[in-house]
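FYI, in this note's numbering the residues of the sequence shown are 22 to 245.
C-beta: ideal position from N, C-alpha, C; glycine also.
For reference, the structure is listed below as structure tokens.
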Amino acid sequence: VIGENYSNHETLGKLTIRKTGEVLAGWKTEVGALDPWMTGEAEDGNFVYETRPLAGAEYTITAAEDIYTQDRQTDNYGNRTLWYAKGDVVAVVTTGDGSADIAAFAPARTKATYDFLSVIHDGTIGEVSVTLPLGSYHIEETKPPYGYIGTTESYDVTFACDNELNDVVMATSIAKVDGAASSQSFEIVRSKDANADFTEQQTLKFHNDREKAKVGVYKVDRET
Numbered sequence: 022v023i024g025e026n027y028s029n030h031e032t033l034g035k036l037t038i039r040k041t042g043e044v045l046a047g048w049k050t051e052v053g054a055l056d057p058w059m060t061g062e063a064e065d066g067n068f069v070y071e072t073r074p075l076a077g078a079e080y081t082i083t084a085a086e087d088i089y090t091q092d093r094q095t096d097n098y099g100n101r102t103l104w105y106a107k108g109d110v111v112a113v114v115t116t117g118d119g120s121a122d123i124a125a126f127a128p129a130r131t132k133a134t135y136d137f138l139s140v141i142h143d144g145t146i147g148e149v150s151v152t153l154p155l156g157s158y159h160i161e162e163t164k165p166p167y168g169y170i171g172t173t174e175s176y177d178v179t180f181a182c183d184n185e186l187n188d189v190v191m192a193t194s195i196a197k198v199d200g201a202a203s204s205q206s207f208e209i210v211r212s213k214d215a216n217a218d219f220t221e222q223q224t225l226k227f228h229n230d231r232e233k234a235k236v237g238v239y240k241v242d243r244e245t
């Protein structure tokens, strides 16, 4: 850890994570099924599931490369100062439960003059946003919501900027890794200028299916 203070007026990147999954929404009886209380047989039908946002999913963000301070300062040995080294855990975040809050933090390798990064819950269930220094990051699910199976999906995200805007920008590259990698490239867009469609394209979407249970309902006669 470098024992110097840095005044931070950097351009940052912003990413948003969304978690969805199948939630039990009800029971659908098959058309023409007989009343089990009359027949003593199982009622024919199935549980009905709906895809909904899920709170409580945990994601770990790690540096996919060395993340340098943008002021190009060097340490006593002539090495550029780092916010994060490749492989460092940058943040561990959890999808929101509907409440709104902002938690500020700062990198650990080089001491900042203030907490200039943020974990943001805007009140949307199943989502969380994070602001980060420019660079490349890997995002993966490290703890699923209670009662759900984790996913092997992950993302590699890169933030870049061609000038010192002292602003927040969207990603310039997003690659989804789920067995067959797919990637998208984007122009540099400030977060405040991104429209709804662009923001949706850049949202990191994680999903898992729940195992569907089947049950039978029977009428049991009791001797008196």
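Where residue 205 falls: helix, strand or coil (DSSP): Strand.
C-alpha distance - residue 157 paired with residue 181, whole-angstrom precision: If I take the Cα positions, the gap works out to 9 Å.
C-beta atoms of residue 189 and residue 212 nearer than 9 Å: With contacts defined by Cβ atoms closer than 9 Å, residue 189 and residue 212 form a contacting pair.
Rounded straight-line distance, which links the Cα of residue 80 to that of residue 164: Rounded to whole angstroms, the separation of the alpha carbons of residue 80 and residue 164 is 7 Å.
Distance between residue 102 and residue 187 (C-alpha atoms, nearest Å): Approximately 19 Å, taken between the alpha carbons.
Distance, residue 71 Cα to residue 228 Cα: In a straight line, the C-alpha of residue 228 is about 12 Å away from that of residue 71.
Those runs of the beta strand (DSSP E) which lie wholly inside the segment 78 to 123 and span at least 3 residues: Listed in chain order, the complete beta strand (DSSP E) runs (minimum 3 residues) inside the segment 78 to 123 are 79 to 84, 103 to 105, 110 to 115.
Neighbourhood of residue 30 by C-beta distance below 7 Å, restricted to the same chain and skipping five residues each side: Excluding residues up to 5 positions away in sequence, 187 lie with their Cβ nearer than 7 Å to the Cβ of residue 30 in the same chain.
Euclidean distance between Cα positions of residue 198 and residue 161: Residue 198 and residue 161 have their C-alpha atoms roughly 10 Å apart.
Beta-carbon separation (whole angstroms), residue 121 vs residue 147, contact threshold 8 Å: Rounded to the nearest angstrom, the Cβ distance from residue 121 to residue 147 is 14 Å, too far for a contact under 8 Å.
Option nearest residue 125 by Cα separation, candidates 191, 225, 112, 196: Ranking 191, 225, 112, 196 by Cα distance to residue 125 puts 112 first.
DSSP beta-bridge partners of residue 196: The partner list for residue 196 (beta bridge, DSSP) reads 177, 204.
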